[in-house]
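Single-structure report; data block below.
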Amino acid sequence: MKNSIGQIISGSLSEGFVMRFSSQTDIETIKSGKFVCIQGLSHRFFSIITDLMLETAHPEILQFPPDEGEGLLKELLTTNSMYATAQLKPMLMLNSLNHISPVKTVPHHFASVYEATRKDIETIFGDEKDVSNNYFNIGNPLDMDAPVCLNLHNLAERSNGVFGKTGTGKTFITRLILAGLIKSNKATCLIFDMHSEYGLEARQEGSGTFVKGLKTLFPSKIAIFSIDPVATQRRGTAPDVAVKIPYQDIHVEDIMSLQQELNLHATATEAAYLLHGKYKKDWLAVLLSKGINAKELAEEIGAHPESIAALYRKLKHIEKYSFFTPDPVPSVTDTIIEYLDKRKSIIFEFGNYSSTFCYLLVANIITRRIHSSYIQKTERFLGTKKPELEPSKLMIVIEEAHKFLNPTAASQTIFGTIAREMRKYYVSLFIIDQRPSGIDPEILSQVGTKVIAQLSDEKDVQAVLSGSAQANTLKTVLNSLDTKKQALVIGHAVRMPIVIETRTYDQIFYKAMQLDASINIENDLF
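Note that the UniProt record's numbering numbers the sequence shown so that position 28 is 28, with each residue one more than the last.
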């Protein structure tokens, strides 16, 4: 049965509608971001509450408010002169033929406003039981027990992002969404796991308990690659592949993308190109072996000695990373591509090598080669039109995204290229970040679906909502989110913006994700 909470008393198509609460509605139970429905004569308007206001029919009463003990007077005034209103922003409308469309008209005066029902949620956001296997439950609307689903097909079509300040649960939201993609086979994922949070067990924030990783949930669908196999082994499982990266796999473009991180002067990068021009793939090995005699090496290639010396000093510490090797070992990227071709997702762990420099460099090296491979696959498919040659969708997951995609780096890194291509070559990004204001605005505008937890910096709020038609409205909603377990979801994978309480990552979730009989959910503590 529908629960009426008020009536429309004014409003406009551009600014939204004003609802007056009924006298039976306890306004303290209504929260900003709540999903409601307006029942018009021929349309239903799906809306969210963006603001709450206290009003009075006689403003002069407020000059002499009743004292604390004057309960009868308070009740009399509240009943006859005081009321509450809410600002509603309509997002979609449904006609009598159940056709959903953008809002193009307004409801009549005194149109009833109802709390949304479970059926309303399913109508707008889809049903997880749908035979298309497109929908995945990520949480409930505020104060409702009804699953809000992402359209995974739409999600996999574009780059996506999870944003929120530290401690808001970005990792858990990301793990939920990735689990849905992997379970449904809508995309293969390459996850650059900076802090070893996605593969095996990870500590749950704010408690001493541990939660299952994606490898535990989907052992047959995920492989762990590790540049620190000893650290992975200590956590209970040997990696599927222990990674070694030869110096020959490091291109000048990979170093260029770290120009800001390394504080490299332009002349030092010019020296790197001169080295590459003479020594090709061996440029880095030559630099690290001969760079201590900068003057001699500079004379060989026609560079300035100080530029060679600066480049040598910045890159010398690559030698301390044991997974980098001057030996011509097989490229790990070829192995990664083999796994991806078999539709097996990969979690790439960094173990104790979790410095930003290491993370950025390794992610750039691998992604650049994978992107080149997917270009070749796409061109081969387009040339032959053979369905069996069509590449599977690949989603590359990166943390600290502003390091890869800031205005300076975005024009130099492979990640900026992928973001701008809009999955032209079947590759998209899944970015996780606490500082969206640090990401190039052009890149941020290409993010198809955004899941936004609480952000405290005004610049971050403005950045993450830029480009949205309802930016001003959603800003108020975003500022009202709780610190944990709440997020605003907007973009390509949902029909309208909505605030959710995120799905709990627990035993019930594990059982829903269970694909392999070897996972003993009932007897395994998390």
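By construction, the Cβ of each residue, glycine as well, lies at the ideal position given by its N, Cα and C atoms.
When rounded, the separation of the alpha-carbon atoms in P328 and E319 is 15 Å.
In summary, H276 is buried, with 16 or more beta-carbon neighbours lying within 10 Å of its beta-carbon over all protein chains present. The alpha-carbon of D127 is positioned some 16 Å away from that of M144.
The beta carbons of P141 and A116 sit closer together than 8 Å. About 5 Å separates the beta carbon of M513 from that of A179, a gap short enough to meet the 8 Å contact definition. Listed as beta-bridge partners of E349 by DSSP are D193, S226. With three or more CB-CB distances shorter than 8 Å, the segment 229-239 counts as touching the segment 343-354. A410 and T502 have their alpha carbons spaced roughly 31 Å apart.
When the five nearest sequence neighbours on each side are left out, the beta carbons in the same chain lying within less than 8 Å of the beta carbon of S22 are those of S4, I5, G6, Q7, in order along the chain. Bridge partners of G291 according to DSSP: none are assigned. The C-alpha of V18 is placed about 55 Å away from the C-alpha of Y339. For the pair of segments examined, the segment 376-390 was found not to touch the segment 196-205: the number of CB pairs separated by less than 8 Å stays below three. A distance below 8 Å separates the beta carbons of G438 and N406.
With respect to K450, V464 sits close: the two C-beta atoms are nearer than 8 Å. Between the segment 219-227 and the segment 382-398 there are fewer than three inter-stretch CB-CB distances shorter than 8 Å, so the stretches are not counted as touching.
When secondary structure is reduced to three states using DSSP, R203 falls in the strand class. Of the residues K280, L88, E261, the one whose Cα lies closest to the Cα of S12 is L88. Bounds of the beta strand (DSSP E) holding Y114 are 112-115.
I38 has its alpha-carbon roughly 6 Å from the corresponding atom of R44.
Taking the Cβ atoms as the reference, A453 lies roughly 11 Å from T174, outside the contact range of under 8 Å.
In summary, D440 is buried, with 16 or more beta-carbon neighbours lying within 10 Å of its beta-carbon over all protein chains present. In this chain, M93 is not harboured by any alpha helix (DSSP H); it is covered by the beta strand (DSSP E) spanning 82-95. Per the DSSP secondary-structure output, F17 pairs in a beta bridge with G11, L88.
Here the alpha carbon of P246 sits roughly 42 Å from the alpha carbon of A487. Annotated three-state conformation of E55 is strand, per DSSP. Looking at the DSSP output, G161 bridges to I431, K450. Here G383 carries a helix assignment [DSSP, helix/strand/coil]. Taking 8 Å as the cut-off, the Cβ atoms of S480 and K165 do not count as close. In terms of Cβ geometry, K484 and V461 do not form a close pair [threshold 8 Å]. By the Cβ-count criterion, S32 is buried, with 16 or more other Cβ atoms from all chains shown falling within 10 Å of its own Cβ.
Taking C-beta atoms under 8 Å as the contact rule, I191 and V397 qualify, at a distance of about 4 Å. Bridge partners of G139 according to DSSP: V148, T502. Comparing alpha-carbon positions, the option among M82, V113, G40 lying closest to H58 turns out to be M82. Taking all protein chains in view, the Cβ of H99 is surrounded by fewer than 16 other Cβ atoms within 10 Å, so the residue is classified as exposed.
For K511, the number of other beta carbons within 10 angstroms of its own is below 16, and it is reported as exposed.
Under the three-state reduction of DSSP, V329 is assigned to coil, being neither helix nor strand.
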